[in-house]
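There are 2 protein chains.
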Amino acid sequence: MATTDALTVQEAADTTGWSPRMLRYIERAGLVVPPRSPSGYRLYGAPELQRLRTLRELLGAHDVGLAEIGFALRMRTEAGLARDVDGWLSATATRPDEVPADDWLRFEQAKHMRLLARPEPSPTN
Amino acid sequence: MATTDALTVQEAADTTGWSPRMLRYIERAGLVVPPRSPSGYRLYGAPELQRLRTLRELLGAHDVGLAEIGFALRMRTEAGLARDVDGWLSATATRPDEVPADDWLRFEQAKHMRLLARPEPSPTN
DNA sequence: GGGACCTTAGCACGACCGTGTCAAGGTTCC
DNA sequence: GGAACCTTGACACGGTCGTGCTAAGGTCCC
Chain A
1 MATTDALTVQ
11 EAADTTGWSP
21 RMLRYIERAG
31 LVVPPRSPSG
41 YRLYGAPELQ
51 RLRTLRELLG
61 AHDVGLAEIG
71 FALRMRTEAG
81 LARDVDGWLS
91 ATATRPDEVP
101 ADDWLRFEQA
111 KHMRLLARPE
121 PSPTN
Chain B
1001 MATTDALTVQ
1011 EAADTTGWSP
1021 RMLRYIERAG
1031 LVVPPRSPSG
1041 YRLYGAPELQ
1051 RLRTLRELLG
1061 AHDVGLAEIG
1071 FALRMRTEAG
1081 LARDVDGWLS
1091 ATATRPDEVP
1101 ADDWLRFEQA
1111 KHMRLLARPE
1121 PSPTN
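Residue numbers (my numbering), protein chains in the order written: chain A, 1 to 125; chain B, 1001 to 1125.
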């Protein structure tokens, strides 16, 4: 009855494209936490494998890292955090009595700088 | 009348507790972007000052950094990102047919490891 | 009982975060 | 016209992220 479909780290790594090291790291981040065998071996089942593959797609599709997804997870598990962050972002982003679509433009520009900087691929390094 | 209440970086720094350097950094992150004088000077008005103070509280209250707030901002400005991330987090987080409140506990434990690691304040450093 | 797996812990390393500081040049204003 | 601001740009440095690798030890299974 198909209870045999639990892969070990190495096997899971092979079928998902992640390295065993990364699988453990991802677990640490709380993103994909497989159950364990009585002796402590990680047991990757179909759900985990699926999740690992979609995670891979997610990171590839957008410019995000594991830490960011981890933060998103925190946002939906720590109610206070979400409330405060969302509150801050909502409040006064641009004052309603001072937005002549000119400041707004400048704001857009600034925020479009891929998170922080990346002003020019300057050959400094 | 009262249009004179635009502070310069240094003044804003003094009244908000941030350093001028940080004010520029925060602007770069798109979190607080003050308007500019014709000659390019940053003009911090009451709204910006308020925002800077609350930002400070926000960072102090929870264990988050500017990058994380910046990411939250991206989540609410880049629709595709939010959709995908939220989708991933919602999907299969723990399979509905496999959650005997035992795995759940283990899951809780994992996620409670403050984002990544911090396993023990081991006196390594 | 021995080889092939697994576990955790640690070092290493480049890239970025959060900060400070310094340099070179423009503004303000007396 | 000079002092005291401002601007951007850069170097620096400890900290974390993402990743690999190695070491010391348990487990599986033939």
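Glycine included, C-beta positions come from ideal geometry on N, C-alpha and C.
These numbers come from a predicted model, not from an experiment.
Query raised in the report: So, is E1048 (chain B) buried or exposed, given that buried needs 16 or more other C-beta atoms within 10 angstroms?
Result: Counting other Cβ atoms within 10 Å of its Cβ, E1048 (chain B) reaches 16 or more and is therefore classed as buried.
Report task. Identify whether L59 (chain A) lies in helix, strand or coil by the three-state DSSP scheme. Result -> helix
Report task. Indicate the three-state DSSP secondary structure (helix, strand or coil) for L7 (chain A) in the structure shown. Result -> Note: L7 (chain A) maps to strand in three-state DSSP.
Query raised in the report: Beta carbon of R1028 (chain B), beta carbon of R1036 (chain B): below 8 angstroms?
Result: no
Query raised in the report: What is the rounded straight-line gap between the Cα of R1074 (chain B) and the Cα of R51 (chain A)?
Result: 23 angstroms
Query raised in the report: Expressed to the nearest angstrom, what Euclidean distance is found between the alpha-carbon atoms of D1086 (chain B) and A72 (chain A)?
Result: 8 angstroms
**Report entry** Other residues of its chain near E11 (chain A): CB distance less than 8 angstroms, five sequence neighbours each side excluded
**Finding:** The answer, listed in chain order, is Y44.
Query raised in the report: If we count the other Cβ atoms within 10 Å of its Cβ and call it buried at 16 or more, is P34 (chain A) buried or exposed?
Result: buried
**Report entry** Classification of P100 (chain A) by the beta-carbon crowding that lies within 10 angstroms, buried from 16 upward
**Finding:** Any reading at P100 (chain A) needs caution, since the residue's pLDDT is 40, under 50, leaving its predicted position unreliable; the model's value is listed next. So P100 (chain A) ends up on the exposed side.
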